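Enquirer: As you go down the protein sequences, you meet chains L and A in turn. Under the working numbering, the residue at position 298 of the first sequence is numbered 298, and the numbers go up by one with no gaps. Convert by adding 305 to the 1-based position in the second sequence; the result is the number in the working numbering. Once you've had a glance at the structure underneath, I'll fire off some questions.
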Amino acid sequence: MAALNATQILRRLRRSTPVALILSPIGLLIVSAARLLIIADYNPTTALGLLSSQSYVNALLGTIVPLVPLLMPYAALLFLVTRRVVPGLLALLGTALISPTNRSDAAHVLSAQWHPVLDGGFFWQALLFVMALAFTILLLVELAGVSPASFARSAGVVASIALLPLVVVLYSVPIGNTAYVDLIRQPWMPAEEITLTSNQEFTGYVLSSDGYWLEVLTADDRTIKYYRVSDIRDRQICRPPQKEQGRPLIALTSAQAPVPACPSPQPPPAPEPVPGWMLYRIADMPKACLGVGPICGLARQEEGK
Amino acid sequence: MSRLRMPVNTMEPIPYTVYRYLLPHERQVLTVRRHPAALIPPAASAVGGLLAAAAVTPFGASGTTVETVVWLLAGGLLAQFAAAIYGWFDGYVVVTRQRIIFVTTTILGRRVEQFPVEQAKELEVKRSSAGRLAGYASFVFEFDGPVQRVIEFLPYPDQLYLELQGLIFPDPADDE
Numbered sequence: 001m002a003a004l005n006a007t008q009i010l011r012r013l014r015r016s017t018p019v020a021l022i023l024s025p026i027g028l029l030i031v032s033a034a035r036l037l038i039i040a041d042y043n044p045t046t047a048l049g050l051l052s053s054q055s056y057v058n059a060l061l062g063t064i065v066p067l068v069p070l071l072m073p074y075a076a077l078l079f080l081v082t083r084r085v086v087p088g089l090l091a092l093l094g095t096a097l098i099s100p101t102n103r104s105d106a107a108h109v110l111s112a113q114w115h116p117v118l119d120g121g122f123f124w125q126a127l128l129f130v131m132a133l134a135f136t137i138l139l140l141v142e143l144a145g146v147s148p149a150s151f152a153r154s155a156g157v158v159a160s161i162a163l164l165p166l167v168v169v170l171y172s173v174p175i176g177n178t179a180y181v182d183l184i185r186q187p188w189m190p191a192e193e194i195t196l197t198s199n200q201e202f203t204g205y206v207l208s209s210d211g212y213w214l215e216v217l218t219a220d221d222r223t224i225k226y227y228r229v230s231d232i233r234d235r236q237i238c239r240p241p242q243k244e245q246g247r248p249l250i251a252l253t254s255a256q257a258p259v260p261a262c263p264s265p266q267p268p269p270a271p272e273p274v275p276g277w278m279l280y281r282i283a284d285m286p287k288a289c290l291g292v293g294p295i296c297g298l299a300r301q302e303e304g305k
Numbered sequence: 306m307s308r309l310r311m312p313v314n315t316m317e318p319i320p321y322t323v324y325r326y327l328l329p330h331e332r333q334v335l336t337v338r339r340h341p342a343a344l345i346p347p348a349a350s351a352v353g354g355l356l357a358a359a360a361v362t363p364f365g366a367s368g369t370t371v372e373t374v375v376w377l378l379a380g381g382l383l384a385q386f387a388a389a390i391y392g393w394f395d396g397y398v399v400v401t402r403q404r405i406i407f408v409t410t411t412i413l414g415r416r417v418e419q420f421p422v423e424q425a426k427e428l429e430v431k432r433s434s435a436g437r438l439a440g441y442a443s444f445v446f447e448f449d450g451p452v453q454r455v456i457e458f459l460p461y462p463d464q465l466y467l468e469l470q471g472l473i474f475p476d477p478a479d480d481e
């Protein structure tokens, strides 16, 4: 029996090579590197900055975990189509528990899917009935005469076809969907609304802080900036401005904790027209002149001459 | 399958697919196809796939791409069933006094495996309730080392079992 088990294990491992490759460290590294580049707006320097400020485990898990709910429904279908019933059922369960759906009326959608069958003509219904009868008999014979595993594989692959339209309606295809793009672009750290002592407000993701400097990835232009901790007046965790994320089909908690929405990025203010009599705008003055007034600028201009 | 040739040392017709793998001095003891019940799993998948596709197709809200994918999947299952029928016609289990040959044919090619009869250490027959009714069984050959070969849907299980046991455990009197 030991030989039998070893053979079966080897055969199963050989069959699940693509799955093993995706779940292998190399596969995970490739997926996480790709997502890191997306978060960094395809800037390798910013991506390296993100990586250096976070631990490798954080970066790896942080880049992978948000993708799981998005891909879980389609992974479930893929498992079922390829006759891997147990991973398929686990993925379906995971989908119901964690994947956000964009429809709150799943039961209505499910019943609507079968209305055309019930409302179809006699010929259509008779054809479907005959096919259903043949399928049931074949499945029962397979269960009794072949093996329960074979029965489950056949039922799984048929269920994947029947579930495909429903899954597409409940969980948008993660290709060309702006909600998914926003979600994938979002770093795994919580977004924060940061207010400086100069009253400047911006949204960013705090990468690290050593007590003196705060390393922040800005949300709008995805650059890494350093601020003195003493220059920070307020920090508030906020929700990035994106589409409201749906709830899973089976939500274990009744409501999400309210988190204020992050302010939308403001376009930079247009430069004010400079009066002819003003030699320097305050913003253009050397820092040493701040607080002294235009006289300093005038003096500097004189020095330049 | 289409061409039958007569072996040199027997009057039994041997399929050409099998004949080409037999040595000149080798005499086949038996050659069997699998039981047609081997086609039940692909048939169930194909019928179920068509049923599912036909049932969900009117659900037009998903768009035509989804319907196309659904019908492609159902078509794939149907093609798999057709390939299984082709493989069933051209697949054989051949037993000679020296070896057991498995000829497996698929759309992509043919695979021939062989095990010396002397190396078979154990032979187990599994018969399900449907197998008892329809007359087929699964044969489990165990060889030296962690090598095991399961052949499902073999017809005439009782006769086959006795023939194979006779080869694996020959009568000592025959050697004398």
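We treat Cβ as the ideally placed atom computed from N, Cα and C, and that holds for glycine. In this text, all values refer to a predicted model and were calculated from it rather than measured experimentally.
Quick one: what does DSSP say A348 (chain A) is sitting in, helix, strand or coil?
Expert: Mapped onto the second sequence, residue 348 (chain A) falls at position 43. A348 (chain A): helix per DSSP, three-state reduction.
Enquirer: With distance defined between alpha-carbon atoms, name the residue in A:E331, A:S350, A:H330, A:R332 nearest to V141 (chain L).
Expert: Here residue 141 (chain L) is taken as the residue at index 141 of the first sequence, counted from 1. Among A:E331, A:S350, A:H330, A:R332, the Cα nearest to that of V141 (chain L) is on A:S350.
Enquirer: DSSP three-state call for A425 (chain A): helix, strand or coil?
Expert: Position 120 of the second sequence, counted from the start, is the residue given in the question as residue 425 (chain A). Residue state, collapsed to three classes: coil.
Enquirer: Quick one: grab the DSSP three-state call for D395 (chain A).
Expert: Your numbering for residue 395 (chain A) matches position 90 in the second sequence. Residue state, collapsed to three classes: coil.
Enquirer: Does the Cβ of I26 (chain L) have 16 or more other Cβ atoms within 10 Å, making it buried, or fewer, making it exposed?
Expert: Against the first sequence, residue 26 (chain L) aligns to sequence position 26. Its Cβ having fewer than 16 others within 10 Å, I26 (chain L) is exposed.
Enquirer: Starting from F407 (chain A) and walking both ways along the alpha helix (DSSP H), at which residues does that stretch end?
Expert: Residue numbering aside, residue 407 (chain A) sits at position 102 when the second sequence is read from its first letter. Looking at the DSSP string, F407 (chain A) is not in any alpha helix (DSSP H); the run it does join, the beta strand (DSSP E), is 404-410.
Enquirer: So the beta strand (DSSP E) I194 (chain L) belongs to, where does it begin and stop?
Expert: By 1-based counting over the first sequence, the position of residue 194 (chain L) is 194. Start and end: 192-196.
Enquirer: Put Y461 (chain A) into one of helix, strand or coil per three-state DSSP.
Expert: In the second sequence, counting from the first residue as 1, residue 461 (chain A) sits at position 156. In this structure, Y461 (chain A) counts as coil in the three-state DSSP scheme.
Enquirer: Grouping DSSP H, G and I as helix and E and B as strand, with all else coil, what is R233 (chain L)?
Expert: Here residue 233 (chain L) is taken as the residue at index 233 of the first sequence, counted from 1. R233 (chain L): strand per DSSP, three-state reduction.
Enquirer: Can you give the Cα-Cα distance for L377 (chain A) and A384 (chain A), rounded to whole angstroms?
Expert: The residue given as residue 377 (chain A) occupies position 72 in the second sequence. The residue given as residue 384 (chain A) occupies position 79 in the second sequence. Distance between the alpha carbons of L377 (chain A) and A384 (chain A) is about 10 Å.
Enquirer: Report back the beta-carbon spacing between F474 (chain A) and L459 (chain A) to the nearest angstrom; my notes put them in contact at under 8 Å.
Expert: Mapped onto the second sequence, residue 474 (chain A) falls at position 169. Mapped onto the second sequence, residue 459 (chain A) falls at position 154. About 19 Å; that fails the 8 Å criterion.
Enquirer: What residue does the alpha helix (DSSP H) around T45 (chain L) start on, and which one ends it?
Expert: Here the question's residue 45 (chain L) lines up with position 45 in the first sequence. First-last of the alpha helix (DSSP H) with T45 (chain L): 44-53.
Enquirer: Which whole-angstrom value is the C-beta distance of L207 (chain L) and S53 (chain L), which I expect to be below 8 Å?
Expert: In the first sequence, the residue the question calls residue 207 (chain L) occupies position 207. In the first sequence, the residue the question calls residue 53 (chain L) occupies position 53. Sure, about 4 Å apart at Cβ, within 8 Å.
Enquirer: So, using beta-carbon positions, are A59 (chain L) and L51 (chain L) closer together than 8 Å?
Expert: Position 59 of the first sequence, counted from the first residue, corresponds to residue 59 (chain L). Position 51 of the first sequence, counted from the first residue, corresponds to residue 51 (chain L). Yes; because the gap between Cβ atoms is below 8 Å, this pair is in contact.
Enquirer: Please identify the residue among A:P341, A:I319, A:P329, A:P477 whose C-alpha is closest to the C-alpha of G436 (chain A).
Expert: In the second sequence, counting from the first residue as 1, residue 436 (chain A) sits at position 131. For the residues A:P341, A:I319, A:P329, A:P477, the minimum Cα distance to G436 (chain A) belongs to A:P341.
Enquirer: At least one CB of chain A closer than 8 Å to the CB of V168 (chain L): is that the case?
Expert: Here residue 168 (chain L) is taken as the residue at index 168 of the first sequence, counted from 1. V168 (chain L) counts as touching chain A.
Enquirer: Tell me whether F123 (chain L) sits in a helix, a strand or coil according to DSSP, three-state version.
Expert: Locating residue 123 (chain L) in the first sequence gives position 123, where the first residue counts as 1. Looking at F123 (chain L) - three-state DSSP - the assignment turns out to be helix.
Enquirer: In three-state terms, what does DSSP make of A442 (chain A)?
Expert: Against the second sequence, residue 442 (chain A) aligns to sequence position 137. The answer is strand: DSSP assigns A442 (chain A) an E or B state.
Enquirer: Consult DSSP for P165 (chain L) and reduce its assignment to one of helix, strand or coil.
Expert: By 1-based counting over the first sequence, the position of residue 165 (chain L) is 165. Three-state result, P165 (chain L): helix.
Enquirer: May I have a chain-ordered list of the beta strand (DSSP E) segments no shorter than 3 residues that lie completely inside the segment 69-103 of chain L?
Expert: Fully enclosed beta strand (DSSP E) runs of 3 or longer: not present.
Enquirer: Tell whether a beta-carbon distance below 8 Å holds between E447 (chain A) and V400 (chain A).
Expert: The residue labelled residue 447 (chain A) in the question sits at position 142 within the second sequence. The residue labelled residue 400 (chain A) in the question sits at position 95 within the second sequence. Result no, Cβ atoms of E447 (chain A) and V400 (chain A) do not sit closer than 8 Å.
Enquirer: E142 (chain L) versus chain A: which residues are under 7 Å apart at the beta carbon?
Expert: Here residue 142 (chain L) is taken as the residue at index 142 of the first sequence, counted from 1. The answer, in chain order, is I345, P346, A349.
Enquirer: Is it right to say T46 (chain L) is buried, meaning 16 or more other beta carbons lie within 10 angstroms of its own, or is it exposed?
Expert: Taking the first residue of the first sequence as position 1, residue 46 (chain L) is located at position 46. Counting Cβ neighbours within 10 Å, T46 (chain L) comes out buried, since at least 16 surround it.
Enquirer: By a C-beta neighbour count over all protein chains shown, 10 Å radius and 16 as the cutoff for buried, is P320 (chain A) buried or exposed?
Expert: Translated into positions along the second sequence, residue 320 (chain A) becomes position 15. Looking at its Cβ environment, which holds 16 or more other Cβ atoms inside 10 Å, P320 (chain A) is buried.
Enquirer: Would you verify that the beta carbon of V81 (chain L) is, or is not, closer than 8 Å to some beta carbon of chain A?
Expert: By 1-based counting over the first sequence, the position of residue 81 (chain L) is 81. So yes, V81 (chain L) belongs to the interface.
Enquirer: Show which residues of chain L have a CB atom less than 8 Å away from the CB atom of L428 (chain A).
Expert: Counting from 1 along the second sequence, the entry for residue 428 (chain A) is found at position 123. By Cβ distance, chain L contributes nothing, its closest Cβ being about 14 Å from L428 (chain A), past 8 Å.
Enquirer: List, in chain order, every chain L residue whose beta-carbon is nearer than 7 Å to that of V371 (chain A).
Expert: Here the question's residue 371 (chain A) lines up with position 66 in the second sequence. Within 7 Å Cβ-Cβ: L164, P165, V168.
Enquirer: Report yes or no: do the segment 127-139 of chain L and the segment 193-205 of chain L share at least 3 C-beta pairs separated by less than 8 Å?
Expert: With the cut-off at 8 Å, the segment 127-139 of chain L and the segment 193-205 of chain L do not touch.
Enquirer: Check for me: the beta strand (DSSP E) holding S208 (chain L) runs from which residue to which?
Expert: For this step, residue 208 (chain L) is matched to residue 208 along the first sequence. Element bounds for S208 (chain L): 201-209.
Enquirer: Leaving out five residues on either side along the sequence, give the residues of the same chain with a beta carbon under 7 Å from the beta carbon of A388 (chain A).
Expert: Within the second sequence, the letter at position 83 stands for residue 388 (chain A). Excluding positions up to five away in sequence, the list reads T411, I412.
Enquirer: Measuring only between beta-carbons, confirm whether S99 (chain L) sits less than 8 Å from chain A.
Expert: Your numbering for residue 99 (chain L) matches position 99 in the first sequence. Closer than 8 Å: no.
Enquirer: Taking C-beta to C-beta, are Y205 (chain L) and L217 (chain L) nearer than 8 Å?
Expert: If you number the first sequence from 1, residue 205 (chain L) lands on position 205. If you number the first sequence from 1, residue 217 (chain L) lands on position 217. For Y205 (chain L) and L217 (chain L), yes; Cβs fall inside 8 Å.
Enquirer: By the 10 Å Cβ neighbour count, where 16 or more other Cβ atoms means buried, how is A76 (chain L) classified, buried or exposed?
Expert: Position 76 of the first sequence, counting from 1, holds the residue named residue 76 (chain L). Buried, by the Cβ-count rule.
Enquirer: So for A324 (chain A), helix, strand or coil by DSSP?
Expert: Looking up residue 324 (chain A) in the second sequence gives position 19. Checking the sequence shown, residue 324 (chain A) turns out to be Tyr, not Ala. Here Y324 (chain A) sits in helix by DSSP.
Enquirer: Which residues in the same chain have their Cβ closer than 8 Å to the Cβ of I98 (chain L), if we skip the five residues on either side of it in sequence?
Expert: Numbered from 1 along the first sequence, position 98 holds the residue referred to as residue 98 (chain L). Answer for I98 (chain L): V68, P69, M72, P248, listed in chain order.
Enquirer: Pull the bridge partners of V337 (chain A) from the DSSP assignment, please.
Expert: As a working mapping, residue 337 (chain A) is identified with position 32 in the second sequence. According to DSSP, V337 (chain A) bridges with A:V398.
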